[in-house]
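Peer 1:
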DNA sequence: TGGCCTCGAGTTCA
DNA sequence: CTCGAGGCCA
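Numbering (our numbering), first residue to last: 297 to 991.
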């Protein structure tokens, strides 16, 4: 009996410590698997000895039945809102007003990110979480205790240090971006409703009457202030208060900084704005709080907001705009992608005019129609997306029927007129025109010329567009037959098109451009087999597969003669890819083009029998991310490959080392989560130098 | 058969 | 960078 209790206490201490390290110190001490194991152990003990299962046991986070409604909670100290500043001038005014009272050397501000979530008040009595309430109107909020208990990073019990008898902690409940994405991804797969954005996700999750639903949502919390306290004197500055909260086991943002004066707060603002996309959560601005509590009290409040704090807002990540049209694009493989043409709108600093709608399913999911008002969002990644339709603003006729019709996938390719078909089980619709389709031919040539393929300098999309449109280039082998006269003729025709400026550009300039292109084309003749295979654009044969094929077959004829059976024996090649490759080389047309390329002088070193099996890194998988200083990721990858390493594109638990340069993003986070070894660029350089392969 | 782990394809703007 | 889907292993 006693023994069980002791073990239970020890396990509790371990799990509380793990929580603290993970959520407050951001320094995971044990892997997830071990955490789960601990939790299961505790559960097992509590089942055998039910008297051990106290309300603040970590197994009891979801220990409550569905409620009928939320009770009301009066805030003993009102939860106020903050005044907003939208420009540097407004921030300057704010500081000047304070400077009337506070001497300049004491204009110290605690700066913190303003999370886009839901303000919450947590009440601890004798160190135990007894109540949690929403802000509500500031005077009275809703009792969401059972839901708040399900949020793992909120301690049910304060940690060791002496703490006040009553402590009210205020902070923000939010949904991290990653969690939001994973949640929506799963919801989609299960045909459940998705969350519109992380903010709504956080707010909606807390208002669930069934705490089990809340528990299934990826919620998190940062503390940023205290409310009522009793039984202990609190420190004299906001910075110190935050440090105490942290010591009591409450997560506080690691971005909080204390700075002096106007220039410094504005610098903080700009720094955060720059790093905004890289943060794990959405923020809509930063907050400056005068650090000295006694000066705070001196300044007091105006109506409903403190005079000593202000929120400095960022430009919005979401904007409303109108869908002008829904066009479709044809990709290299014939994939038909619908694109929303938008009324240009500035979203967080960039003008957005296009947004992909991916496929018919996505359009159906959004229910978007031409003429709709939509919300466009530019989050974590740079690529904007249509988040949702503002249905109430859809134009309607007198009977209330929508005026604009549903979007329908075209049946014929808009470029070549061939049939468009959608394979069973595929989400993409495809033009069946193949290389008969100009759009696909253009894309095939763009792919052929691209950096990772033949790397033809001077051959951009615009030029390829003209080359194909005027039919100077029908397939990639034609590129090698181009001469300067042809290029100049094409240039003349393209400039004579309506809408272009007058003709007669300086002749020399035109020939310079053509010469550069021809040099680029000539230089590309010397290549490598894997690049050549990749450049052919066989479906499902990308960089990695092309490399494997080049290594396994040594030279092109062997690959061209291989039948499906032979191809299936190649690692990473399964039935589908084998069929694609065999079918590609079976086409007379493709063989002719390859023949043409070889006759034009395209060549590569054959069978450079790389003895890579015995490098110092053989058997290890490397992933590169972020930007490196000494060389590009590709160059670094080649050096590592020369030492026997395999370069992969994404991090998993099989990854041996992640090399992280500057501004590494989600891959670094994932590597940390999976306990994968991380090297800095310096580590890499040291290693290379040690093995005689310096930069 | 299901559940990873990868790779391939598509994508926006300055 | 993210999503979808092909390949591989249990």
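Note that CB positions come from ideal geometry on N, CA and C, so glycine has one too. Nothing here was measured: the structure is a model prediction, and the numbers come from that model.
The alpha helix (DSSP H) with residue 735 in it runs from where to where?
Peer 2: From DSSP, the alpha helix (DSSP H) with residue 735 extends over 734 to 745.
Peer 1: Identify whether residue 986 lies in helix, strand or coil by the three-state DSSP scheme.
Peer 2: Three-state result, residue 986: helix.
Peer 1: Assuming residue 517 contacts residue 572 under a Cβ cut-off of 8 Å, what Cβ separation, rounded to an integer in Å, is found between them?
Peer 2: About 20 Å; that fails the 8 Å criterion.
Peer 1: Take residue 821 and list the residues in its own chain whose beta-carbon comes closer than 8 Å to its own, dropping the five residues that flank it on each side.
Peer 2: Once the five neighbours on either side are set aside, the close Cβ partners of residue 821 are 776, 896, 897, 898 and 899.
Peer 1: With a CB to CB cut of under 8 Å and the five nearest residues on each side skipped, what residues in its chain are close to residue 810?
Peer 2: 780, 783, 784 and 787, listed in sequence order.
Peer 1: Quick check: what's the CA-CA separation for residue 878 versus residue 625?
Peer 2: Distance between the alpha carbons of residue 878 and residue 625: 28 Å.
Peer 1: CB of residue 635 to nearest heavy atom of the ligand SAM: below 8 Å?
Peer 2: Within the structure as shown, the ligand SAM is missing, as the structure has no ligands at all.
Peer 1: Is there contact here, the segment 524 to 543 with the segment 444 to 464, by at least three beta-carbon pairs under 8 Å?
Peer 2: Contact holds: three or more Cβ-Cβ distances are below 8 Å.
Peer 1: In the DSSP assignment, the beta strand (DSSP E) including residue 638 goes from what residue to what residue?
Peer 2: Residues 631 to 643.
Peer 1: Spatial neighbours of residue 734 within its chain, please: CB distance less than 8 Å, with the 5 preceding and 5 following residues excluded, ordered by chain position.
Peer 2: These residues qualify, in order along the chain: 711, 712, 764 and 765.
Peer 1: Can you tell me the Cβ-Cβ gap for residue 471 and residue 515, rounded? I've got them flagged as a contact below 8 Å.
Peer 2: That pair is a contact at about 6 Å.
Peer 1: As a quick exercise: from 893, 985 and 379, pick the residue whose alpha carbon is nearest that of residue 608.
Peer 2: Nearest option by C-alpha distance: 379.
Peer 1: Residue ranges of each alpha helix (DSSP H) run of no fewer than 4 residues wholly in the segment 499 to 564, ordered along the chain?
Peer 2: Counting only runs of 4 or more, we get 507 to 511 and 534 to 543.
Peer 1: Applying the 10 Å Cβ sphere with the 16-neighbour rule, what's the burial state of residue 861?
Peer 2: Counting Cβ neighbours within 10 Å, residue 861 comes out exposed, since fewer than 16 surround it.
Peer 1: For residue 703, which three-state DSSP category applies?
Peer 2: Note: residue 703 maps to coil in three-state DSSP.
Peer 1: Is residue 739 buried or exposed, if buried means 16 or more other CB atoms sit within 10 Å of its CB?
Peer 2: So residue 739 ends up on the buried side.
Peer 1: Restricting to Cα atoms, I'd like to know which of 503, 310 and 346 is closest to residue 363.
Peer 2: Of 503, 310 and 346, the residue nearest in Cα terms is 503.
Peer 1: Are the segment 719 to 732 and the segment 743 to 750 in contact at 8 Å, needing three or more beta carbon pairs?
Peer 2: Contact fails: fewer than three Cβ-Cβ distances are below 8 Å.
Peer 1: Is the separation between the beta-carbon of residue 645 and that of residue 709 shorter than 9 Å?
Peer 2: No, these two residues do not count as a Cβ contact at 9 Å.
Peer 1: May I ask you to report which of helix, strand or coil DSSP gives residue 885?
Peer 2: The answer is helix: DSSP assigns residue 885 an H, G or I state.
Peer 1: Which residue or residues does DSSP assign as beta-bridge partners of residue 317?
Peer 2: According to DSSP, residue 317 bridges with nothing at all.
Peer 1: What does DSSP give as the partner residue(s) for residue 899 in the beta ladder?
Peer 2: Residue 899 pairs with 822.
Peer 1: Mind the definition here: the segment 426 to 441 touches the segment 365 to 373 only if three or more C-beta pairs lie below 8 Å; say whether that holds.
Peer 2: Yes: at least three Cβ pairs fall under 8 Å.
Peer 1: Name the one or two DSSP bridge partners that residue 975 has.
Peer 2: Paired residues: 955.
Peer 1: So, helix, strand or coil for residue 453, using DSSP?
Peer 2: Strand.
Peer 1: If you reduce the DSSP assignment to three classes, tell me which class residue 812 lands in.
Peer 2: If DSSP states are grouped into helix, strand and coil, residue 812 belongs with the helices.
Peer 1: Candidates 590, 494, 595 and 761: which alpha carbon is nearest residue 578's?
Peer 2: Nearest of 590, 494, 595 and 761 to residue 578, Cα basis: 494.
Peer 1: Using the C-alpha atoms, what's the distance from residue 760 back to residue 815?
Peer 2: Each residue's Cα considered, the two are about 16 Å apart.
Peer 1: At 3 residues or longer, what runs of the beta strand (DSSP E) sit wholly inside the segment 362 to 426?
Peer 2: 368 to 370, 379 to 381, 404 to 411 and 414 to 421, all fully within the segment 362 to 426.
Peer 1: Say whether the segment 691 to 706 touches the segment 585 to 603, bearing in mind that this needs 3 or more beta-carbon pairs closer than 8 Å, one atom from each stretch.
Peer 2: Verdict: no, contact absent.
Peer 1: Tell whether a beta-carbon distance below 9 Å holds between residue 373 and residue 603.
Peer 2: Against a cut-off of 9 Å, the Cβ pair of residue 603 and residue 373 comes out as no contact.
Peer 1: Identify the continuous alpha helix (DSSP H) that holds residue 862 and give its terminal residues.
Peer 2: Start and end: 860 to 864.
Peer 1: Once you ignore the five residues that flank residue 826 on each side, which residues in its own chain have a CB closer than 7 Å to its CB?
Peer 2: 842, 843 and 846, listed in sequence order.
Peer 1: Taking the CB atoms as reference points, tell me whether residue 408 and residue 599 lie closer together than 9 Å.
Peer 2: Taking 9 Å as the Cβ cut-off, residue 408 and residue 599 do not qualify as a contacting pair.
Peer 1: Secondary structure at residue 323, three-state DSSP: helix, strand or coil?
Peer 2: Reduced to three states, the DSSP call for residue 323 is coil.
Peer 1: Which word fits residue 649, buried or exposed, when buried means at least 16 other C-beta atoms lie within 10 angstroms of its C-beta?
Peer 2: Its Cβ having fewer than 16 others within 10 Å, residue 649 is exposed.
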